[in-house]
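If you're matching them up, the sequences are chains A and B in order. Letter by letter, the first sequence follows residues 1 to 184 in the numbering used here. Letter by letter, the second sequence follows residues 1001 to 1184 in the numbering used here. Each residue gets a CB set at the ideal place from its N, CA and C atoms; glycine is no exception. Nothing here was measured: the structure is a model prediction, and the numbers come from that model. Below is one structure, written out as structure tokens, with a few remarks after it.
Number of protein chains: 2
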Amino acid sequence: MRLTVVNDNRRAAYARERMAEFAARCRAAGLPVTPQRTAIIEALLDATDHPRAESICAEVRRRHPHVSLATVHRTLETLCRIGEARKVTTLHDSARYDGNLRPHHHVVCVRCRRIRDVEIAGLDTALGGAIRAPGFKPLGWSLEIQAVCDDCANFGGREGRSSGTGGVGRTPRNSNQTPQGANE
Amino acid sequence: MRLTVVNDNRRAAYARERMAEFAARCRAAGLPVTPQRTAIIEALLDATDHPRAESICAEVRRRHPHVSLATVHRTLETLCRIGEARKVTTLHDSARYDGNLRPHHHVVCVRCRRIRDVEIAGLDTALGGAIRAPGFKPLGWSLEIQAVCDDCANFGGREGRSSGTGGVGRTPRNSNQTPQGANE
DNA sequence: TATCCGATGATAATTATTATCATCTGATAG
DNA sequence: CTATCAGATGATAATAATTATCATCGGATA
């Protein structure tokens, strides 16, 4: 198992590619293409630092000084909903604590934020040798499995919003029940 | 690679075990053993839902109605610091967005919250078959690698607090530089 | 070009968390 | 057993992030 840091050249090309498709994707999702949306996705794609809403807002305001922070929040949420962006973690709402110190991972319901512990035999040994990232001293790792719990699936889940971390394992814009391996 | 949901019987036994050691661990860390701390770790170990501070506070108040929410926050933070608890994710402070839809994972500096994309060849295919959790429809997954970035390591990193997710890969209470495989 | 629904900006409200500070208490020494 | 003191706690204020509200505006379609 080999770990590679994503490099910047490739990222820039990817950003251009995505921008070229953006208007079409909005239309496909039934959303008007507004200058704010365009500016926000552009700022996101140009950023290398997985920005917060405020940081994107600052960047966007360099060209469009009138843009409201609320719009940035709303738009980023929208982009996640239509699969044009993701959150690094679904669990940013509030700190969730865990008293279990044994090695384990988490299944998270993206609607109600229910969390369950799972152990994945073999994963940690497989990763053990691979984890190294230039510029960082690794301390540990943990896997977040995004899911919808049965309650939310049945009930339509009134509680919580979906606000999606697409998740690595998922083919973008594919909302199947079965998770996707999705290697390039 | 096989995924198992952590079961409740085992958890209960584990909780008793941890409670038996708790006072000693506080002393070892140079911390006074207070009834609040004891009640809070107990509530955390008894919970199955990876609770938020407020939920722990509510539970604790059933026996100690005077306990302050601020104390619960502080204590949970302390417990993380001494390695008696962890957070499910390090990134709960604020939503961090990502425009990169290609499958990838994240290295996160636990001090300054810097994030970098990494790809891990083989991981997603290896997981693809294994990811299933009773009661959940999986959508995707992503690995969060906890680390300290070089800037923070050198500088002593004045920015941000450490507030630890121990991370699965790490042997509890071991602060080595090299990450640990840490399978049971 | 007119119409309309959704988007936006400004701002208030809410929620989670952290800071402040006076008071209290567990741990240690005597 | 009591005095002492550093650190813990409770009450509350302050901050930070996010969401809600609502009047107005502007893309998209006819």
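Can you tell me whether DSSP reads residue i as helix, strand or coil?
i, result
"residue 49 of chain A", "coil"
"residue 109 of chain A", "strand"
"residue 139 of chain A", "strand"
"residue 132 of chain A", "coil"
"residue 1101 of chain B", "coil"
"residue 91 of chain A", "coil"
"residue 10 of chain A", "helix"
"residue 158 of chain A", "Below a pLDDT of 50, predicted positions are generally treated as unreliable, and residue 158 of chain A, at 48, falls in that range; no measurement from the model is reported."
Excluding the 5 residues preceding and the 5 following residue i in the sequence, name in chain order all residues of the same chain whose CB lies nearer than 8 Å to its CB.
i, result
"residue 47 of chain A", "55, 56, 59"
"residue 1002 of chain B", "1130"
"residue 69 of chain A", "53, 54, 57"
"residue 39 of chain A", "60, 63, 64, 67"
"residue 1138 of chain B", "1131, 1132"
"residue 1027 of chain B", "1033"
"residue 123 of chain A", "105, 143"
"residue 1078 of chain B", "1031, 1037"
Is it right to say residue i is buried, meaning 16 or more other beta carbons lie within 10 angstroms of its own, or is it exposed?
i, result
"residue 98 of chain A", "buried"
"residue 1067 of chain B", "buried"
"residue 32 of chain A", "exposed"
"residue 1117 of chain B", "buried"
"residue 140 of chain A", "buried"
"residue 65 of chain A", "exposed"
"residue 142 of chain A", "buried"
"residue 155 of chain A", "exposed"
"residue 1063 of chain B", "exposed"
"residue 49 of chain A", "exposed"
"residue 1017 of chain B", "exposed"
"residue 75 of chain A", "buried"
"residue 1176 of chain B", "For residue 1176 of chain B, the predicted structure reports a pLDDT of 36, less than 50, and the residue's modelled location is therefore unreliable. A value from the coordinates is still provided. It is exposed - the Cβ of residue 1176 of chain B has fewer than 16 other Cβ atoms within 10 Å."
"residue 8 of chain A", "exposed"
"residue 1037 of chain B", "buried"
"residue 95 of chain A", "buried"
"residue 125 of chain A", "exposed"
"residue 1004 of chain B", "exposed"
"residue 1023 of chain B", "exposed"
"residue 1013 of chain B", "exposed"
"residue 43 of chain A", "buried"
"residue 1051 of chain B", "buried"
"residue 1136 of chain B", "buried"
For the ligand GDP, is there a heavy atom less than 8 Å away from the beta-carbon of residue i?
i, result
"residue 1111 of chain B", "Because no ligand of any kind appears in the structure shown, any question about the ligand GDP cannot be addressed here."
Note down, in chain order, each residue of its chain lying with its Cβ closer than 6 Å to the Cβ of residue i, except the 5 sequence neighbours on either side.
i, result
"residue 1073 of chain B", "1053"
"residue 115 of chain A", "106, 108"
"residue 134 of chain A", "none"
"residue 104 of chain A", "117, 119"
Kindly list the residues whose CB is nearer than 7 Å to the CB of residue i, restricted to its own chain and excluding five residues on each side of it in sequence; keep chain order.
i, result
"residue 29 of chain A", "82"
"residue 84 of chain A", "25, 41"
"residue 1015 of chain B", "1045, 1046"
"residue 1071 of chain B", "1036"
"residue 127 of chain A", "1, 141"
"residue 149 of chain A", "109, 112, 114"
"residue 93 of chain A", "113"
"residue 152 of chain A", "109, 111, 112"
Review point. What alpha helix (DSSP H) runs, 4 residues minimum, are completely inside the segment 1012-1087 of chain B?
Key: 1035-1046, 1053-1061, 1069-1081
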